[in-house]
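First up is the structure itself, then whatever we jot down about it.
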Amino acid sequence: SQQGEEDPQALSIQEGENATMNCSYKTSINNLQWYRQNSGRGLVHLILIRSNEREKHSGRLRVTLDTSKKSSSLLITASRAADTASYFCATRSGYTGANSKLTFGKGITLSVRP
Amino acid sequence: AAGVIQSPRHLIKEKRETATLKCYPIPRHDTVYWYQQGPGQDPQFLISFYEKMQSDKGSIPDRFSAQQFSDYHSELNMSSLELGDSALYFCASGIRFENIQYFGAGTRLSVL
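Here the protein sequences line up with chains A and B, keeping their order.
Okay, so the first sequence: first residue is 560 according to my numbering, each after it adds one.
Okay, so the second sequence: first residue is 4 according to my numbering, each after it adds one.
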């Protein structure tokens with residue numbers, strides 16, 4: 560995928576540490592979302608940030624968006640072993656109600672060591 | 004709460020065979036999306052339907068077709084299967100004017 564490139568591709572941390580995952584994209588967006596995928600399973604929506612927002616919080620998640628740099632970051636604080644999964648950013652370009660497909664970036668594999 | 008149901012969960016086919024994947028969206032969701040995720044790859048959008056009409060088309064091969072029925076369930080039909088079609092196929096549903104898509108557990112297709 561050319562949209563939503565995550566950086567790094569794999570991240571290994573100790574339980575209790577914070578995990579930061581970055582994503583860049585190339586086109587104008589309506590919103591950017593982060594999804595989580597446990598191995599070979601379905602994707603679960605985590606958090607959404609709109610193009611006119613700069614920061615959003617949800618529990619231990621914090622997402623930032625810099626539209627001038629076309630980049631986003633997802634911070635997971637106080638990580639747990641259960642956070643081990645792949646994380647994808649996905650962008651939606653259409654305006655509300657129009658073609659609403661998501662364009663996913665390559666996933667970041669997060670491993671949280673107990 | 005009801006989730007998106009996909010069937011079958013696993014499917015094994017031979018080259019040149021056909022396959023039909025089914026998706027039952029969350030009740031009252033008006034939009035269905037199909038995505039393909041190859042091994043170690045990100046999900047790629049294939050096609051979507053809004054109120055039973057095709058609304059957007061992505062990188063879906065001509066060998067594939069899809070439709071949404073009057074009860075809102077959707078089927079992805081794949082013919083002349085190739086080894087490269089082996090992947091996880093996800094269906095997601097949502098409400099068109101909202102932003103979140105709810106994904107099913109996926110169908111893992113293996114083409115031998």
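By construction, the Cβ of each residue, glycine as well, lies at the ideal position given by its N, Cα and C atoms.
Applying a beta-carbon distance threshold of less than 8 Å, which residues of chain B neighbour residue i?
i	result
R651 (chain A)	N102
Hey, does residue i have any beta-carbon neighbour from chain B nearer than 8 Å?
i	result
N590 (chain A)	yes
G599 (chain A)	yes
L602 (chain A)	yes
L607 (chain A)	yes
A569 (chain A)	no
Q561 (chain A)	Because the pLDDT at Q561 (chain A) is just 40, under 50, the model does not fix this residue reliably, and the value given afterwards should be weighed accordingly. False, the Cβ-Cβ gap to chain B never drops below 8 Å.
Are any of the Cβ atoms in chain A nearer than 8 Å to that of residue i?
i	result
L91 (chain B)	yes
A108 (chain B)	yes
T34 (chain B)	yes
R99 (chain B)	yes
Chain E partners of residue i, CB-CB under 8 Å?
i	result
G666 (chain A)	Any reference to chain E falls outside this structure, whose protein chains are A and B.
Give every residue of the same chain whose Cβ lies closer than 6 Å to the Cβ of residue i, excluding the five residues on either side of it in the sequence, and list them in chain order.
i	result
T623 (chain A)	E614 and S632
L79 (chain B)	L24, W37 and A69
E17 (chain B)	L115
S82 (chain B)	T21 and R66
E576 (chain A)	S638
I39 (chain B)	Reading off the sequence shown, one finds Gln at residue 39 (chain B), where the question assumed Ile. The answer, listed in chain order, is Q47, L49, A90 and Y92.
Return the chain-ordered list of same chain residues with a C-beta closer than 7 Å to the C-beta of residue i, the five sequence neighbours on each side being excluded.
i	result
Y53 (chain B)	D33, T34 and R99
I15 (chain B)	S113 and L115
A640 (chain A)	E574, V671 and P673
I8 (chain B)	Y27 and G107
S109 (chain B)	Inspection of the sequence shows that residue 109 (chain B) is occupied by Gly rather than by Ser. The answer, listed in chain order, is Q9, L91, Y92 and F93.
At 8 Å on the CB atoms, spell out the chain A contacts of residue i, in chain order.
i	result
G61 (chain B)	K660
Classify residue i: buried if its beta carbon has 16 or more other beta carbons within 10 angstroms, exposed otherwise.
i	result
Q568 (chain A)	exposed
D617 (chain A)	In the sequence as displayed, the identity of residue 617 (chain A) is Ser instead of Asp. Exposed.
N590 (chain A)	buried
R66 (chain B)	exposed
V603 (chain A)	exposed
L86 (chain B)	exposed
A95 (chain B)	buried
M56 (chain B)	exposed
K660 (chain A)	buried
G664 (chain A)	buried
F106 (chain B)	buried
G41 (chain B)	exposed
S58 (chain B)	buried
W644 (chain A)	It should be pointed out that residue 644 (chain A) corresponds to Ala in this sequence rather than to Trp. The residue in question, A644 (chain A), is buried, as its Cβ has 16 or more Cβ neighbours within 10 Å.
T586 (chain A)	exposed
F72 (chain B)	exposed
D88 (chain B)	buried
Please work out which residues of its chain come closer than 8 Å, Cβ to Cβ, to residue i, disregarding the five sequence neighbours upstream and downstream, and give them in chain order.
i	result
I572 (chain A)	A578, S638, L669, S670, V671 and R672
- Query: Which residues, taken in chain order from the region 45-59 of chain B, show a beta carbon closer than 8 Å to some beta carbon of chain A?
  - Reply: Cβ contacts with chain A come from D45, P46, Q47, F48, S51, S58 and D59.
- If contact means a Cβ-Cβ distance below 8 Å, which residues of the region 616-645 of chain A contact chain B? Result list empty, no residue passes.
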